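Under this note's numbering, the first residue of the sequence shown carries the number 854, and numbering increases by one thereafter. Yeah, the Cβ is synthetic: ideal placement off N, Cα and C, and Gly gets one too. If you're wondering where the values come from, they're calculated on a predicted model, not measured in any experiment. Following: one structure in structure tokens, then a few remarks.
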Amino acid sequence: MEYPSKLIENAVEEIAKLPGIGKKTALRLALHLLKQEKGEVKRLSESLVDLRENTQYCHSCFNISDSITCAICTSHKRDSAVICVVEDTRDVMAIENTSQYFGLYHVLGGVIMPIDGIGPADLTIEALINRVAATNGIVEEI
């Protein structure tokens with residue numbers, strides 16, 4: 854596709870790298886951003902940079918967090934005897950949105966896929982084993 858500007862072309866190329874975003878949608882988003890106030894676009898840009906630079910993973914469960922330990926792991930309202938093992942943060946979010954689960958989580962960070970060269974060492978399985986062992990029997994269900 855021909856673009857009227859190299860700047861638009863560059864923006865479309867970068868936006869299209871996002872999952873589920875094709876070139877048409879990327880162009881629509883780029884043109885939308887051009888119509889927005891500079892302050893709005895700047896806030897979006899800053900929030901994306903802030904997201905990348907300041908988001909970390911909870912040292913206990915590996916969920917995305919603003920701090921070294923996530924709000925779920927620090928909550929006294931949670932049942933620390935139960936750990937739900939999930940593939941990624943999206944699973945935590947989906948379960949939390951049900952408001953039916955009150956235990957803790959452990960985010961593996963993916964699934965074992967030997968064909969893609971992803972094995973147990975590439976996930977947080979060992980950390981889960983160590984975490985459970987360190988509780989001295991408090992964890993009753995995984």
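Element boundaries [beta strand (DSSP E), containing Leu-961]: No beta strand (DSSP E) holds Leu-961; DSSP gives it neither H nor E.
Neighbourhood of Glu-994 by C-beta distance below 7 Å, restricted to the same chain and skipping five residues each side: Same-chain partners within the cutoff: Ala-934 and Val-935.
Bridge partner(s) assigned by DSSP for Gln-909: As DSSP reads the structure, Gln-909 sits in a beta bridge with Ser-918.
Where Val-992 sits in the DSSP three-state scheme: Of the three classes helix, strand and coil, the one that applies to Val-992 here is coil, per DSSP.
Beta carbon of His-959 nearer than 8 Å to that of Arg-931: With contacts defined by Cβ atoms closer than 8 Å, His-959 and Arg-931 do not form a contacting pair.
Among His-929, Gly-963, Val-964 and Ile-925, the one whose alpha carbon lies nearest that of Met-946: The shortest C-alpha separation from Met-946 is found at Ile-925.
Thr-922 vs Cys-937 beta-carbon contact at 8 Å: No, these two residues do not count as a Cβ contact at 8 Å.
Where Gly-997 sits in the DSSP three-state scheme: The chain is shown from 854 up to 995; residue 997 falls before or after that span and cannot be answered.
Distance CB(Gly-963)-CB(Asp-941) smaller than 8 Å: Cβ atoms of Gly-963 and Asp-941: closer than 8 Å.
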